[in-house]
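Enquirer: Residue numbers (this note's numbering): 31 to 221.
Note that beta-carbon positions come from the ideal geometry of N, C-alpha and C, so glycine has one too.
Have a look at the structure that comes next, please.
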């Protein structure tokens, strides 16, 4: 199998590292060689964060170059736009529609781009956009946006749901497990 590439992008503190850990665990348990690389940026200050997850028969490098990502999983629409050059021509974006203003917008030095999801689609990218924050809140915690996104991403993988659940069970504290399973299902089954 050729190596597949997933970029998980977001803003510091949104749970992208847990999402990449879950994905790495899932793919490793499915028998793939997996490399996960965390690139932090200014994560503690709400800055851009990106994680690479690469899997296949044999993966030699943890880094994804421009034009190589099969998937971009984005916690925030502007982050999807920022990393768009890394998406393959036939790649898929799975994004939260939530808007988190970066520092230049907060300080008034810049304006948040309007109709960003439409602009992503107009670029030719395949875009699956949903309000993950509302679904996470419905599941029981606004912090479950990462799990809602993974539920949505699961649509694009031919892997049994039990495998996804086992990765949740292995990586999420038991007191939060049921809420995270609900978040996963809400993301997976969102129309």
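How long is the line joining the alpha carbons of residue 115 and residue 96, rounded to whole angstroms?
Expert: Residue 115 sits at position 85 when you count from the first residue of the chain shown. Residue 96 sits at position 66 when you count from the first residue of the chain shown. So the alpha carbons of these two residues sit roughly 6 Å apart.
Enquirer: Would you list the residues sitting across from residue 159 in a DSSP beta bridge?
Expert: What you label residue 159 is simply residue 129 of the chain shown in a count that begins at 1. Bridge partners of residue 159: 125.
Enquirer: In chain order, what are the residue ranges of uninterrupted alpha helix (DSSP H) at least 4 long that sit wholly in the region 79-120?
Expert: The qualifying runs are 107-113.
Enquirer: Taking the CB atoms as reference points, tell me whether residue 99 and residue 150 lie closer together than 8 Å.
Expert: Mapped onto the chain shown, residue 99 falls at position 69. Mapped onto the chain shown, residue 150 falls at position 120. Cβ atoms of residue 99 and residue 150: not closer than 8 Å.
Enquirer: Within a Cβ cutoff of 8 Å, which residues of the same chain sit near residue 182, ignoring the five residues on either side of it in sequence?
Expert: Here residue 182 refers to the residue found at position 152 when the chain shown is read from its first residue. These residues qualify, in order along the chain: 124, 158, 160, 162, 217, 218 and 220.
Enquirer: For residue 63, list the residues DSSP reports as bridge partners.
Expert: As a working mapping, residue 63 is identified with position 33 in the chain shown. Per DSSP, 86.
Enquirer: Nearest CA to the CA of residue 39: which residue from 59, 61, 67 and 120?
Expert: Counted from its first residue, the chain shown places residue 39 at position 9. Residue 67 is the option with its Cα nearest to residue 39.
Enquirer: Report yes if the CB atom of residue 174 is closer than 8 Å to the CB atom of residue 209, and no otherwise.
Expert: As a working note, residue 174 is residue 144 in the chain shown. As a working note, residue 209 is residue 179 in the chain shown. In contact: residue 174 and residue 209 (Cβ atoms closer than 8 Å).
Enquirer: Is the Cβ-Cβ distance between residue 85 and residue 34 less than 8 Å?
Expert: By 1-based counting over the chain shown, the position of residue 85 is 55. By 1-based counting over the chain shown, the position of residue 34 is 4. Contact: yes.
Enquirer: Using the Cβ count rule (16 or more neighbours within 10 Å means buried), how would you classify residue 144?
Expert: Counting from 1 along the chain shown, the entry for residue 144 is found at position 114. Burial call: exposed.
Enquirer: Could you tell me the alpha carbon to alpha carbon distance between residue 132 and residue 88, rounded to whole angstroms?
Expert: What you label residue 132 is simply residue 102 of the chain shown in a count that begins at 1. What you label residue 88 is simply residue 58 of the chain shown in a count that begins at 1. So the alpha carbons of these two residues sit roughly 37 Å apart.
Enquirer: Hey, out of 112, 37, 41 and 198, whose CA is closest to residue 77's CA?
Expert: Position 47 of the chain shown holds residue 77. Comparing Cα-Cα distances from residue 77 to each of 112, 37, 41 and 198, the minimum goes to 41.
Enquirer: For residue 184 versus residue 194, is the C-beta spacing smaller than 8 Å?
Expert: For the purposes of this step, residue 184 is taken as residue 154 along the chain shown, with counting starting at 1. For the purposes of this step, residue 194 is taken as residue 164 along the chain shown, with counting starting at 1. A contact, by the Cβ cut-off of 8 Å.
Enquirer: Please name the residue, chosen from 138, 52, 117 and 37, that lies closest to residue 207 on a Cα-to-Cα basis.
Expert: Taking the first residue of the chain shown as position 1, residue 207 is located at position 177. That would be 52, whose Cα lies nearest to the Cα of residue 207.
Enquirer: I want to see whether chain B comes within less than 8 Å of residue 165, judged by CB atoms only; does it?
Expert: Of the protein chains in this structure there is only one, and it is not chain B.
Enquirer: Under 8 Å between the Cβ atoms of residue 117 and residue 81?
Expert: Here residue 117 refers to the residue found at position 87 when the chain shown is read from its first residue. Here residue 81 refers to the residue found at position 51 when the chain shown is read from its first residue. Their beta carbons are not under 8 Å apart, which means residue 117 does not touch residue 81 by this criterion.
Enquirer: Following the continuous alpha helix (DSSP H) through residue 212, name the residue where it begins and the one where it ends.
Expert: In the chain shown, counting from the first residue as 1, residue 212 sits at position 182. Counting along the chain, the alpha helix (DSSP H) containing residue 212 begins and ends at 204-219.
Enquirer: When the Cα of residue 189 is compared with those of 32, 45 and 57, which residue comes out closest?
Expert: Start at 1 with the first residue of the chain shown, and residue 189 comes out as number 159. Answer by Cα proximity: 57.
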